[in-house]
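In this note's numbering, the protein residues as written are 130 to 339. Every residue, glycine too, gets a C-beta built ideally from N, C-alpha and C. First up is the structure itself, then whatever we jot down about it.
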């Protein structure tokens, strides 16, 4: 049964295991199985199963010093205990050896980078799916605006075949051009008047020309 989406659609699998897994379904990626991402109840992603699909070793990613520094930095940022990371109690990277739910589990912040390490396209598709699933709910006013704009576009297309409408557009363009010239002339006149006023103020005995 589907639960409330975390990223797109989440299906809880009822297994007798310490960490119940969820499945987060994203946009389908043709020819692959990467439209399913597994998480546990803490929201950590199963990195081991995904790395296996790509024929890669998750530890090959985690052993890099930059990755270790990033994980510790994220842990500190969230005010978590960095000493717990890379253990079975980790909050950013949880490593479980044996038991009913073995594997490496990652917080979203590092999981996205991990996806890029596996395949840059996989990271892009994951983010696109997340954005699409978390879009703002449909706004009735936005929908009405879109329908109105579409109607305007249709009417313009129909009217464009009418010679009178074409004449109207030409006249409107001429009127706009004339208005620009008028505005330009008025601006020039105002500037000249300001100059005359300034001169008159500088010389009180001099009259401003009409």
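| To the nearest angstrom, how far is it from the Cα of residue 84 to the Cα of residue 247? | For the chain, the structure presents residues 130 to 339; residue 84 sits outside this window and is missing.
| said: Distance check for residue 280 and residue 171, CA to CA, integer angstroms please. | reply: Counted from its first residue, the chain shown places residue 171 at position 42. Counted from its first residue, the chain shown places residue 280 at position 151. Going by the C-alpha atoms only, they are around 48 Å apart.
| request: Give me the Cα-Cα distance between residue 213 and residue 254, rounded to the nearest whole angstrom. | output: Within the chain shown, numbered from 1, the residue matching residue 213 stands at position 84. Within the chain shown, numbered from 1, the residue matching residue 254 stands at position 125. If I take the Cα positions, the gap works out to 31 Å.
| Per-residue DSSP class, three states only, for residue 260 | Here residue 260 corresponds to residue number 131 of the chain shown, with the count starting at 1. Helix, per DSSP.
| query | Helix, strand or coil for residue 249 per DSSP? | reply | Sequence index remark: in the chain shown, residue 249 carries index 120 (1-based). Residue state, collapsed to three classes: helix.
| query | The alpha helix (DSSP H) spanning residue 225 covers which residue range? | reply | One-based indexing of the chain shown puts residue 225 at position 96. Here residue 225 belongs to no alpha helix (DSSP H); instead the beta strand (DSSP E) covers 222 to 225.
| request: May I have the straight-line CA-CA distance separating residue 113 from residue 304, to the nearest angstrom? | output: Residue 113 lies beyond the stretch modelled for the chain, which goes from 130 to 339, so this question has no answer here.
| query | Does the beta-carbon of residue 260 have 16 or more other beta-carbons within 10 angstroms, so that it is buried, or is it exposed? | reply | For the purposes of this step, residue 260 is identified with residue 131 of the chain shown, where counting begins at 1. Its Cβ having fewer than 16 others within 10 Å, residue 260 is exposed.
| said: Measuring only the C-alpha atoms, how far is residue 239 from residue 197? | reply: Here residue 239 refers to the residue found at position 110 when the chain shown is read from its first residue. Here residue 197 refers to the residue found at position 68 when the chain shown is read from its first residue. The straight-line gap from Cα to Cα measures roughly 10 Å.
| request: Output the boundary residues of the beta strand (DSSP E) element that contains residue 233. | output: In the chain shown, the residue the question calls residue 233 occupies position 104. From DSSP, the beta strand (DSSP E) with residue 233 extends over 232 to 235.
| request: Could you have a look at residue 321 and say whether DSSP puts it in helix, strand or coil? | output: In the chain shown, residue 321 corresponds to position 192, counting from 1. If DSSP states are grouped into helix, strand and coil, residue 321 belongs with the helices.
| task | Please say whether residue 245 and residue 237 have beta carbons closer to each other than 9 Å? | result | Position 108 of the chain shown holds residue 237. Position 116 of the chain shown holds residue 245. Cβ atoms of residue 237 and residue 245: not closer than 9 Å.
| DSSP state of residue 77, grouped into three classes? | Lying outside 130 to 339, the shown extent of the chain, residue 77 is not represented and no answer is given.
| Alpha carbon to alpha carbon, what distance is there between residue 249 and residue 169? | What you label residue 169 is simply residue 40 of the chain shown in a count that begins at 1. What you label residue 249 is simply residue 120 of the chain shown in a count that begins at 1. Their backbone Cα atoms lie some 24 Å apart in a straight line.
| Helix, strand or coil: how does DSSP classify residue 199 here? | Position 70 of the chain shown holds residue 199. DSSP places residue 199 in helix when its eight states are reduced to three.
| query | Which whole-angstrom value is the C-beta distance of residue 187 and residue 233, which I expect to be below 8 Å? | reply | Here the question's residue 187 lines up with position 58 in the chain shown. Here the question's residue 233 lines up with position 104 in the chain shown. About 5 Å separates the two Cβ atoms, so the contact holds.
| said: Alpha carbons only, please: which of 215, 330, 175, 173 is nearest the one belonging to residue 193? | reply: Reading the chain shown from its first residue, position 64 is the one you call residue 193. Residue 215 is the option with its Cα nearest to residue 193.
| message | Mapping the DSSP letters down to three states, classify residue 229 as helix, strand or coil. | response | Counting from 1 along the chain shown, the entry for residue 229 is found at position 100. Coil at residue 229, not helix or strand.
| DSSP three-state call for residue 215: helix, strand or coil? | Here residue 215 refers to the residue found at position 86 when the chain shown is read from its first residue. Three-state DSSP puts residue 215 in coil, outside helix and strand.
| field | C-alpha distance - residue 302 paired with residue 292, whole-angstrom precision | value | The residue given as residue 302 occupies position 173 in the chain shown. The residue given as residue 292 occupies position 163 in the chain shown. Taking the straight line joining both Cα atoms gives about 15 Å.
| task | Apply the 10 Å Cβ neighbour rule to residue 258 and answer buried if 16 or more other Cβ atoms are within range, or exposed otherwise. | result | By one-based count along the chain shown, residue 258 stands at place 129. It counts as buried.
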